[in-house]
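Remarks on the structure that follows.
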Amino acid sequence: MPKTDFSKLLSAAVRLRVPFFDLDPAGVAWHGRYFQYFELARCELLELVGYSYEDMMSSGILWPIADTSVRYLQPLVLNQEVTVTAYLREWEMRIIIDYRIKDDAGSVFTRASTTQVPVDASTLELLLGSPDFFVDNVRSRMKEAGLVKE
């Protein structure tokens, strides 16, 4: 599988400081908390493409998480300041978002991805492909960001 060129993907980032209540007994961020960190970046990314969670709910399409993958490369510790970046890798059939958690020096602490699939809210049936308005929004934002040519 070829490496992803993140510079060509639409992305959004959030800064955070690891709080005390996220630590496990070993004094590092508990592994389950990372999904909340990813969620913060994912929300920013979805807002960027004009498809917030409120928009999802009103569109009649649910987007459950169907798959996750996480590589914990280095532990996060109390009060550590990091940037969580979400990169939109796929959007036409499903939403695949890659994540990186880095410190200010650029060291990667965590790599992850989530896959969300479109489901009709009234029938709970899997939809074949993302809705046109979402795909169009993504393409528009990518053009605005200079990530694709006309």
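All the letters of the sequence shown, read from the start, carry residue numbers 10 to 159 under the working numbering.
All C-beta atoms in this analysis are idealised placements derived from N, C-alpha and C, irrespective of residue type, glycine included.
Computed from a predicted structure; not experimentally measured.
Q: Taking all protein chains shown into account, decide if Leu5 is buried (16 or more other Cβ within 10 angstroms of its Cβ) or exposed.
A: The chain is shown only over 10 to 159; residue 5 falls outside these bounds and no answer can be derived.
Q: Per DSSP, which residues does Asp76 bridge with? Please list them.
A: Thr124
Q. How would you write the range of the beta strand (DSSP E) that Leu25 sits in, first residue to last?
A. 19-26
Q. What runs of the alpha helix (DSSP H), each 4 residues or longer, lie entirely inside the region 34-66?
A. 43-57
Q: Using alpha carbons as the reference points, say which of Leu135, Ala75, Lys111, Arg150 lies closest to Tyr43.
A: Lys111
Q.
If you reduce the DSSP assignment to three classes, tell me which class Lys111 lands in.
A. strand
Q. What are the boundary residues of the beta strand (DSSP E) that includes Arg98?
A. 90-99
Q.
Taking 7 Å as the limit between beta carbons, can you name the residues of its chain near Met10, skipping five residues before and five after?
A. Because the pLDDT of Met10 is 46, which lies under 50, any placement of that residue in the model is unreliable, and the question is left without a value.
Q: Decide yes or no for the touch test of the region 52-69 against the region 79-92: beta carbon pairs closer than 8 Å, at least 3 of them.
A: no
Q) By Cβ distance, which residues of its chain are closer than 8 Å to Gly41, with the 5 residues on each side in sequence left out? A) none
Q) How would you call Leu19, buried or exposed, if buried means at least 16 neighbouring beta carbons within 10 angstroms? A) buried
Q: Can you grab the Cα-Cα spacing for the pair Trp72 / Leu25, in whole Å?
A: 25 Å
Q.
Given this structure, state the Cα-to-Cα distance separating Ser131 from Gly69, to the nearest angstrom.
A. 7 Å
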